[in-house]
Structure formats: C-alpha cells, structure tokens
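The structure appears below as structure tokens.
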Ligand code: FES
C-alpha cells in the first residue's frame, strides 16, 4: 500500500521526533527532548531590574534581568495563575501581583507562599544582542 504522505521534505528534527515518539504527535508532557534555544527578544527589551513575558511555543515565560544577568522561569504563578512578569522584581525575587507569593527568578523556588510549587526554570543564553531561551527539561 502506498502512503499519500510526502516525507521527502521532512527535516532531521521531525525524523528524530518520528523515531523518538513513534509518530509526529507532540510529547504528552509538552516537553520536547530535542528542544533548542529560541530567540525570544533583544537584550535591550529587558533592562536591568525589569521583567518581560515571552512566549516559548505555548509556554509563557517570565524573563528577568538581574544586574545584567538574564533568568527565565514560568510566568504563570503556581498558586492560581497570576502573571509573574507583571509583579515586582526585587534583586532575584519576583512577587506575584495577585496574592504576593515570591519566587527566586534563578532557581524557581518558592520564597514565600501562598504558592507551594516552584516555577519551572529555563536555560537562558545571550548571543550578541539576542536573548535565547530553551524549554524546561
Ligand atoms: S496567583 Fe500568585 S500568589 Fe496567588
């Protein structure tokens, strides 16, 4: 039986997904083991002491700049979903604008509740004037 799907233009990444998952379906956990760094913004978009929500696929990420070093954790508060990037950044601590939970922007750890679960942490790197973020593992 002949397939009507043309795979001649399939990329190496897609072939790897086909082999890894046995099909072209997304990982049920939402994590791509073959994820690569993705440019999310320019370095000038997030000044020291500031935060910005950036989109990494379907994930909302809170990108922060602490004294020139960039950090990325989940933007959706693990309490009940507040937007962390709209909160207050003090040194390495972000305070959720909804109920005041605090998280370490470098480790994702909860520093003060009511949240109990840490935020996912994303790898960040700077290339030239670009900030790149990699999916959480
Ligand atoms: S939603 Fe962030 S502390 Fe409640």
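Numbering (our numbering), first residue to last: 64 to 200.
Note that the Cβ used here is the ideal one computed from N, Cα and C, for glycine as well.
query	result
Selection from 186, 167 and 187 that minimises the alpha carbon distance to residue 201	This structure does not reach residue 201, given that the chain is present from 64 up to 200, and the question cannot be answered.
Per-residue DSSP class, three states only, for residue 107	helix
Residue 155 and residue 169 closer than 9 Å at C-beta	yes
Assigned secondary structure, residue 228 (DSSP; H/G/I helix, E/B strand, else coil)	Residue 228 is absent from the structure shown; the chain starts at 64 and stops at 200.
Where residue 182 falls, given that 16 or more other Cβ within 10 Å makes a residue buried	buried
Where residue 201 sits in the DSSP three-state scheme	Past the edges of the chain, shown from 64 to 200, lies residue 201, and the structure says nothing about it.
Status (buried if at least 16 other CB within 10 Å, exposed otherwise) for residue 128	buried
Given 8 Å, three or more beta-carbon pairs between the segment 136-147 and the segment 109-125	yes
Range covered by the beta strand (DSSP E) that runs through residue 127	122-129
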